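**Student:** Residue numbers (the numbering used here), protein chains in the order written: chain A, 1 to 333; chain B, 1 to 302. All C-beta atoms in this analysis are idealised placements derived from N, C-alpha and C, irrespective of residue type, glycine included. None of the values given here were measured: they were computed from a predicted structure. Mind looking over this structure? Questions follow.
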């Protein structure tokens with residue numbers, strides 16, 4: 001059984017302007033010890049999905065209206081706030097996007113890590129402090145034990161992200177959710193942080209849900225990839241398969257938009273872009289959400305009429321499209 | 001030294017030997033010290049407090065001793081501030097009055113802070129319907145005029161002494177503080193580090209007590225010195241009208257009241273307590289400004 005099974009999750013925001021269907025029927029699974037990359041453009045609901053799993057969204061305005069989040073057999077949507085507090089940090093850790101704001105500026109980093117260790121593991125102060133030093137060392141902070149008494153503003157962005165990771169893994173969670181962990185970092189530091197996450201995952205046999213808008217990041221470290229668009233998963237497959245045989249037109253377009261440095265004409269040609277914009281999530285189209293931007297929407301009128309179901313084209317390869325790449329020749333006949 | 005050695009040394013330093021440990025508060029303290037007006041105001045403020053505390057202990061004059069032979073004396077070596085219509089030494093008496101004025105000022109300010117923090121923190125932290133109800137209730141209270149309400153409160157309590165004055169002056173003046181604290185909590189709640197604290201399973205009281213309230217401390221320190229002048233002026237006003245501290249006790253307000261009848265012939269009796277009030281209020285305002293600039297350097301330009 002998978003470690004995390006999200007099925008048909010719907011998280012809506014009830015605002016004055018209307019109901020925002022930020023996450024609208026997302027299903028995904030993360031295997032124990034594996035890495036699932038969740039990719040999609042800004043505003044497609046990746047972060048809301050992550051925060052829904054952590055149950056960290058403020059209610060109101062956000063509400064999980066249906067679906068289940070089964071973590072190790074328990075449905076997180078059914079737990080009380082008190083029970084959730086025991087799951088967060090202990091069983092599921094989370095790394096945030098912007099390391100500059102994810103640490104409390106008025107507390108030393110030692111204090112902040114010790115707080116977590118004492119909270120979940122019941123260590124006394126001295127043991128917790130020693131453990132905090134070991135954790136900082138593990139995430140690659142030089143002179144870790146000396147730096148426990150430093151305030152966050154004395155660390156660079158990359159170092160702060162390492163501290164954030166140390167906090168998230170402090171109590172040995174079995175799942176680490178990393179929400180755009182490298183987006184706010186310098187390109188040179190991005191690879192280091194990704195490597196660190198992957199090393200930690202292997203050493204600790206921890207599963208990783210890696211959320212990003214960067215296909216390159218996913219290609220580097222994910223076993224499975226789920227592509228998200230307008231609040232829904234449109235394609236999920238093993239990483240190898242997804243990159244070699246993308247089925248959904250959106251995935252194809254995303255991959256085509258990656259600049260190819262090996263192409264001798266790349267410098268002269270323009271970067272490929274996807275025309276149009278994602279739909280308004282207050283009033284999403286009733287049928288296929290990608291239809292308005294899809295080059296294959298004319299192949300049949302079903303695209304504008306009924307929502308395509310998420311179906312398994314090949315074992316492990318799920319697609320939500322009426323015209324996946326491998327079936328298009330049928331439509332043309 | 002080879003290039004790699006140099007690079008190594010630079011990297012070593014960069015990797016973070018603490019050059020100078022500094023917390024937010026130490027930075028703020030340094031910024032405050034650079035503000036000359038605020039430093040001077042703090043010095044005068046402290047001096048006045050010391051004067052009020054020490055003078056009645058060491059003074060050769062009994063502040064309540066009536067001596068008609070030396071009534072209405074102007075400033076002299078034995079009576080630096082002169083004497084009043086009963087021949088009481090104004091230097092000692094003003095210090096004694098200062099004890100009560102400043103004492104009531106701080107006590108009422110802390111009461112305001114206490115009520116405001118609890119009310120505002122609950123409202124902002126819980127949010128939702130409770131927040132709405134608490135804030136609408138506050139809106140209703142907002143219409144209460146502060147001084148008439150203080151007078152009413154004193155009338156209801158029946159007796160006038162130090163602590164009833166504190167109650168009267170704080171009962172209708174904590175609304176702004178509550179609102180400020182609520183606003184701070186709501187803003188801070190949106191911070192990623194609060195979400196991060198929740199994401200590692202910190203319980204609600206930990207989030208409130210360790211990650212939210214300590215970060216409002218800067219604002220609270222500023223609020224102390226913003227509220228203080230209003231409370232001291234309120235106390236002076238009530239005592240001047242004869243509704244507050246009454247003889248033989250003295251506050252600056254009641255001393256000014258003593259000098260009201262003879263202000264043409266002997267202006268020093270009313271001028272001295274008035275100057276004390278003015279100096280203290282001015283200092284408090286300067287300190288508040290200095291603290292605000294020191295604790296939130298970004299607001300300095302505006």
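#1: Would DSSP call residue 151(A) helix, strand or coil?
#2: Closest to residue 310(A) by CA distance: which of 261(A), 248(A) and 284(A) is it?
#3: Please check if any C-beta of chain A sits within less than 8 Å of the C-beta of residue 268(B).
#4: For residue 125(B), report the span of its beta strand (DSSP E) as first-last.
#5: State the DSSP-derived secondary structure class of residue 312(A), mapped to helix, strand or coil.
#6: Which residues in chain B sit within 8 Å of residue 339(A), going by Cβ to Cβ distance?
#7: Against chain B, with Cβ distances strictly below 8 Å, would residue 60(A) count as a contact?
#8: For residue 145(A), which of helix, strand or coil comes out of DSSP?
#9: Among the residues of its own chain, which have a CB less than 6 Å from the CB of residue 93(A), if the five just before and after it don't count?
#10: Can you tell which of 102(B), 138(B), 197(B) and 96(B) has its C-alpha closest to the C-alpha of residue 115(B)?
#11: Name the DSSP bridge partner or partners of residue 93(A)?
#12: Quick one: grab the DSSP three-state call for residue 282(A).
#13: Taking 8 Å as the cut-off, decide whether the C-beta atoms of residue 124(B) and residue 182(B) are in contact.
#14: Is there a Cβ from chain B that is less than 8 Å from the Cβ of residue 86(A)?
#15: Is the shortest distance between the beta-carbon of residue 103(A) and the beta-carbons of chain B less than 8 Å?
#16: Chain A beta carbons: is any one of them nearer than 8 Å to that of residue 192(B)?
#17: Quick one: using the 10 Å Cβ neighbour count with 16 as the cut-off for buried, is residue 264(A) buried or exposed?
#18: Would you mind telling me which residues of chain B sit closer than 8 Å to residue 206(A), beta carbon to beta carbon, in chain order?
#19: By the 7 Å beta-carbon criterion, what residues does the segment 112-139 of chain A contribute toward chain B?
#20: Would you say residue 106(A) lies against chain B (beta-carbon separation less than 8 Å)?
#21: Helix, strand or coil for residue 290(A) per DSSP?
#22: Of all the options 307(A), 313(A), 88(A) and 58(A), which has the alpha carbon lying nearest to the alpha carbon of residue 241(A)?
#23: Quick one: list the residues of chain D neighbouring residue 168(A), beta-carbon separation under 9 Å, in chain order.
#24: When you compare the CB of residue 292(B) with every CB in chain A, is at least one pair closer than 8 Å?
#25: Quick one: measure Cβ to Cβ for residue 4(A) and residue 233(A), integer angstroms, because I've assumed they're closer than 8 Å.
#26: Please list the partners that residue 164(A) has in chain B, where partner means a Cβ-to-Cβ separation under 8 Å.
#27: Using only the alpha-carbon positions, how far apart do residue 129(A) and residue 120(A) sit?
#28: Do residue 169(B) and residue 160(B) have their C-beta atoms closer together than 8 Å?
#29: Using the beta-carbon count (16 or more within 10 Å), is residue 251(A) buried or exposed?
#30: Would you identify the three-state DSSP class for residue 136(A), choosing helix, strand or coil?
#31: Tell me whether residue 174(B) sits in a helix, a strand or coil according to DSSP, three-state version.
#32: Name the chain B residues whose beta carbon is nearer than 9 Å to that of residue 209(A)?
#33: For residue 213(A), does the three-state DSSP call read helix, strand or coil?
#34: With a threshold of 8 Å, are at least 3 pairs of Cβ atoms found where one atom belongs to the segment 31-43 of chain A and the other to the segment 205-213 of chain A?
#35: Report all residues from its chain with a CB closer than 6 Å to the CB of residue 95(A); omit the five preceding and five following residues, and keep chain order.
#36: Quick one, are the C-beta atoms of residue 33(B) and residue 39(B) less than 8 Å apart?
**Tutor:** Taking the coordinates as given:
#1: Residue state, collapsed to three classes: coil.
#2: 248(A)
#3: No, residue 268(B) lies away from the interface with chain A (no Cβ there is under 8 Å from its Cβ).
#4: Looking at the DSSP string, residue 125(B) is not in any beta strand (DSSP E); the run it does join, the alpha helix (DSSP H), is 90-126.
#5: strand
#6: Given that chain A is displayed from residue 1 to residue 333, the structure contains no residue 339(A) and the question cannot be resolved.
#7: Residue 60(A) counts as touching chain B.
#8: helix
#9: Around residue 93(A), the same chain offers 168, 169, 173 and 176 as residues with beta carbons nearer than 6 Å, after the five sequence neighbours per side are excluded.
#10: 138(B)
#11: 176(A)
#12: Coil at residue 282(A), not helix or strand.
#13: Between residue 124(B) and residue 182(B), the CB-CB gap stays under 8 Å.
#14: yes
#15: Interface flag for residue 103(A) against chain B is set, since a Cβ pair is found closer than 8 Å.
#16: yes
#17: exposed
#18: Correct list: empty, because the minimum Cβ distance to chain B is about 15 Å.
#19: 115, 116, 119 and 120
#20: yes
#21: coil
#22: When only C-alpha atoms are compared, the closest one is 313(A).
#23: Of the protein chains in this structure, namely A and B, none is chain D.
#24: Taking Cβ atoms only, chain A never reaches closer than 8 Å to residue 292(B), which makes this a no.
#25: With 8 Å as the limit, residue 4(A) and residue 233(A) do not qualify as a contact, their Cβ atoms being about 14 Å apart.
#26: 196
#27: 14 Å
#28: Not closer than 8 Å, so no.
#29: That one is buried.
#30: In the structure shown, residue 136(A) falls within a helical segment according to DSSP collapsed to helix, strand and coil.
#31: coil
#32: Near residue 209(A) there are no residues of chain B at all, since even the closest Cβ is about 13 Å away, more than 9 Å.
#33: coil
#34: Flag = yes, the segment 31-43 of chain A and the segment 205-213 of chain A touch.
#35: 164, 165, 168, 178 and 181
#36: Note that the C-beta distance between residue 33(B) and residue 39(B) is below 8 Å.
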